[in-house]
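Asker: In the working numbering, the protein residues as written are 5 to 116.
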Amino acid sequence: MKKLFAIPTEDGIVCEHFGRCEKFSIVVTENDNIVEEKILTPPVHEPGVYPKFLKDNSVDVVICGGLGVKAQQLFAQQGIGICIGATSMTPPELVNNYISGQLSSGTNLCDQ
């Protein structure tokens, strides 16, 4: 089964604040193995733009450090899962941890 993960990044690691990311790393998995990683430049950040942008790019799950409540609701409306609280890892590390069950939603860095 193919699954696409989006990780907002800054300097190659997960960005603590979703809306401030430089790029999105899109990690494609098939049968729980990473088969591709590509980088997307997001559009200008405006409320509601990123959930639609990622849905248009077939993303299934977003892994991030922090995400506001409204954004969480918008992702849910788009049918995109979220995992909040990720810190200081590269996108492939985060996806591998997610797949192996070692990554679960934790502290929302936007709440700190």
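Backbone N, C-alpha and C define an ideal beta-carbon position, used for all residues, glycine too.
#1: Which same chain residues, not among the five before or five after A10, have their C-beta less than 6 Å away from its C-beta?
#2: Enumerated in chain order, which unbroken segments of the alpha helix (DSSP H) with a length of 4 residues or greater are wholly contained in the stretch 41-81?
#3: What does DSSP give as the partner residues of E34 in its beta bridges?
#4: Tell me, to the nearest whole angstrom, how far the beta carbon of I38 is from that of P96; I am working on the premise that it is less than 8 Å.
#5: Please classify V73 as buried or exposed, where buried requires at least 16 other C-beta atoms within 10 Å of its C-beta.
#6: Apply the 10 Å Cβ neighbour rule to T33 and answer buried if 16 or more other Cβ atoms are within range, or exposed otherwise.
Answerer: The structure says:
#1: The sequence position of residue 10 within the sequence shown is 6, counting from 1. Apart from the 5 residues on each side of it in sequence, A10 sits with its Cβ closer than 6 Å to the Cβ of F28, I30, L58, V63 and V66 in its chain, given in chain order.
#2: Counting whole runs of 4 or more residues, the stretch 41-81 contains the alpha helix (DSSP H) stretches 53-60.
#3: Taking the first residue of the sequence shown as position 1, residue 34 is located at position 30. Answer is K6 and N37, bridged to E34.
#4: What you label residue 38 is simply residue 34 of the sequence shown in a count that begins at 1. What you label residue 96 is simply residue 92 of the sequence shown in a count that begins at 1. I38 to P96, Cβ: 6 Å. Contact.
#5: Sequence index remark: in the sequence shown, residue 73 carries index 69 (1-based). It counts as exposed.
#6: As a position in the sequence shown, residue 33 is number 29, starting the count at 1. Looking at its Cβ environment, which holds 16 or more other Cβ atoms inside 10 Å, T33 is buried.
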